[in-house]
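Engineer: Residue numbers (UniProt numbering), protein chains in the order written: chain E, 1 to 327; chain P, 1 to 327.
All C-beta atoms, glycine included, are put in the ideal place defined by N, C-alpha and C.
#1: With DSSP as the reference, identify every bridge partner of residue 53 (chain E), one or two as the case may be.
#2: Residues of chain E with a CB under 8 Å from the CB of residue 174 (chain P): which are they?
#3: Indicate whether at least one CB of chain E lies closer than 7 Å to the CB of residue 243 (chain P).
#4: Is there a C-beta anywhere in chain E that falls below 7 Å from the one on residue 148 (chain P)?
#5: Leaving aside the five residues before and after residue 225 (chain E) along the sequence, list all residues of the same chain whose C-beta is less than 7 Å from its C-beta, in chain order.
#6: Ignoring anything shorter than 4 residues or poking outside the segment 184-263 of chain E, list the alpha helix (DSSP H) runs there in chain order.
#7: Assign residue 269 (chain E) to one of three DSSP states: helix, strand, or coil.
#8: Between the C-alpha atoms of residue 42 (chain E) and residue 61 (chain E), what's the straight-line distance to the nearest angstrom?
#9: Using DSSP bridges, identify the partner residues of residue 119 (chain P).
#10: Would you tell me roughly how many angstroms separate the C-alpha atoms of residue 261 (chain E) and residue 310 (chain E), rounded to the nearest one?
#11: What is the rounded straight-line gap between the Cα of residue 154 (chain P) and the Cα of residue 238 (chain E)?
#12: Does residue 328 (chain P) have its Cβ less than 7 Å from a Cβ in chain E?
#13: Does the Cβ of residue 196 (chain E) have 16 or more other Cβ atoms within 10 Å, making it buried, or fewer, making it exposed?
#14: Look at the alpha carbon of residue 6 (chain E) and the alpha carbon of residue 31 (chain E), and state the distance between them as a whole number of angstroms.
#15: Whole angstroms is fine: what's the gap from residue 251 (chain E)'s alpha carbon to residue 218 (chain E)'s?
#16: Assess, as a yes-or-no matter, whether the segment 86-98 of chain E is touched by the segment 12-24 of chain E under the definition of 3 or more beta carbon pairs within less than 8 Å.
#17: Cβ-heavy atom distance between residue 54 (chain E) and the ligand FAD below 6 Å?
#18: At a CB distance below 8 Å, what residues from the segment 67-92 of chain P approach chain E? Give them in sequence order.
#19: Could you compute how far the alpha carbon of residue 35 (chain E) sits from the alpha carbon of residue 55 (chain E)?
#20: Count the other CB atoms within 10 Å of the CB of residue 242 (chain P); is the residue buried (16 or more) or exposed (fewer)?
#21: Look at the Cβ atom of residue 75 (chain E), then the Cβ atom of residue 233 (chain E), and state whether they are nearer than 7 Å.
#22: Can you tell me whether residue 23 (chain P) is buried or exposed? The criterion is at least 16 other CB atoms within 10 Å of its CB, across all chains shown.
#23: Per DSSP, residue 160 (chain E) forms a beta bridge with which residues?
#24: Could you work out which residue in E:271, E:288, E:21, E:83 is closest to residue 215 (chain E) when comparing CA atoms only?
#25: Identify, in the order they occur along the chain, each residue of the same chain with its Cβ nearer than 7 Å to the Cβ of residue 290 (chain E), setting aside the five sequence neighbours on each side.
#26: Would you kindly work out how many angstroms separate the C-alpha atoms of residue 313 (chain P) and residue 105 (chain P), rounded to a whole number?
#27: Since residue 140 (chain P) meets chain E, which of its residues come closer than 7 Å, beta carbon to beta carbon?
#28: Residues in the same chain with beta-carbon distance under 8 Å from residue 271 (chain P), minus the five sequence neighbours each way, listed in chain order, please.
#29: In the structure shown, what three-state DSSP assignment does residue 93 (chain E) receive?
#30: Going by the beta-carbon positions, is the gap between residue 18 (chain P) and residue 49 (chain P) smaller than 7 Å?
#31: Give a yes or no on whether the C-beta atoms belonging to residue 299 (chain E) and residue 249 (chain E) are separated by under 7 Å.
#32: Kindly indicate the opening and closing residues of the beta strand (DSSP E) around residue 299 (chain E).
#33: Nearest to residue 171 (chain P) by alpha carbon, out of P:285, P:280, P:110, P:283?
#34: Along chain E, which residues have their Cβ under 8 Å away from the Cβ of residue 155 (chain P)?
#35: Where DSSP assigns a beta bridge to residue 275 (chain P), which residues make up the other side?
Quick look at the structure:
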């Protein structure tokens, strides 16, 4: 099978392609080719049992999506997006990439016709929800985003459902939890500290905690995020019905519980590298974020995430640190 | 004040403009000009205390919205849409008019800049909801449309909220109940019978009831629909917050209750003109429609509808039949 990954140079895209390279198959079918599209060139995994093609293009430009779809990939994983902060700072760019880009993709698929009906996996976000909400957000809660990014993702969900209902493709939307522990270097995203306070201390480096340790949030590991993509790509969509986007499972815990988990897994010396430096701005932003979900439908449909924060930390140590850390 | 009505030749647009002509003012401000845009020429009310300008244009064409917004109307009432059946039959046309047209309008307003921030009233629909739903749909229930029309309206709601949040305009979205009794001649809309079985018998003409009289639905009169527009155009939006679209109040009743109300208002002879001719196709379509709502927010914010179906019939007799009917 031929798999097209849009946003293939990003963290989740890269990890998904690495998993395909490791498995060699998806849902029992041999992967013959992976096309990784992004605005920068995606690197090929170390060893690939399939043809790997990195395409640099901008899907928001009329005609670019058609070029990608011309080869009729069997599976399209759409991870490409301008992130929340940038979509808020640059209104035009956010709508161009996140809305027009998605619509161009869906239209390009529709216009192939002739019985072409690929699986399309669309990554949405819990940013489709806007405060005030219940402590535990149910599957039937309404989407009232408070960012342009969340608005664009919610629109993508609606389009995905309508194009699937009309039979133009077979879509599954997945709302990812905050991916934690995010590998790499600390970034300035307001959510960065959730990962920083685990990743940096395990590397022997101090990390700043800018919020109260009573802040509660919704997490899943990068490994789980890849697992969601694999399941969304291979599941029987007959069971989903017309409500095509699902809130993915995750693990809800407070920062205090994150720290306690780190203590259990890595010890007091590692925890001591977390420095509390309250930042009222970040505290204010985070106060408007969802804290917990009751993702019944996704669980019933077989999506799985970690069931403790210790497990999330162990996954990070296994997948990113070769099983070891700085004591 | 200058008011721009998009879709001004339609039934609700026409009645809204007639009310403006009668009142001469809106929210205490004298109406100096009304521009009625549509794809066909809107007729001027019999007597207007303001300048009336009918513009024939297609907002889905790039640049047309800019022309309409160039004069900086103080209030924009956006009623223009391809209806549900046509949006389902013609995928491209539905998205072009209902989505691109709305986006062009919003973008045209945004691009004026220089402190221009008009009130924008956007008419949405209960078609944003898709079965299965609760018997009484709450304000926080999610929108999972089962038609392209409902999808396009739900996207319009999201854009309205984001453009309002960003300060580009001051938007209020209103989800209209089924407007009943709809004046004019019977049409082939699946929902037509809700009005036909009242309007035609009052005119001395037989009408077909194609569904069980146990079918429950959600109604408001054309007069109430105009009242919603007036209130949405003049209310203090400070009280709305970022959740800009509201499910309008209405009256929920079964067809049997509609018929009973007609009996009370007009007598047995009129009711005898309703002929029961079951149509399983229409029965099937109607089974997927919302039956009842709990529109708490709209009620708290001062929107009002009829509180009985008898009242809905009396409004029809007053507004459309000069107070009389064929016994």
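Structural biologist: For this structure:
#1: E:35
#2: Correct list: empty, because the minimum Cβ distance to chain E is about 16 Å.
#3: yes
#4: yes
#5: 12, 176, 179
#6: 192-202, 222-234
#7: helix
#8: 19 Å
#9: P:75, P:170
#10: 5 Å
#11: 24 Å
#12: Nothing about residue 328 (chain P) can be reported from this structure: the residues present for chain P run from 1 to 327 only.
#13: buried
#14: 17 Å
#15: 6 Å
#16: no
#17: Here there are no bound small molecules, and the ligand FAD is not part of this structure.
#18: 91
#19: 7 Å
#20: exposed
#21: yes
#22: exposed
#23: Per DSSP, none; premise fails for residue 160 (chain E).
#24: E:288
#25: 126, 129, 133, 137, 218
#26: 36 Å
#27: 141, 142
#28: 201, 259, 262, 263
#29: helix
#30: no
#31: yes
#32: Note, residue 299 (chain E): premise wrong, no beta strand (DSSP E); alpha helix (DSSP H) at 296-300.
#33: P:110
#34: 155, 158, 159
#35: P:208
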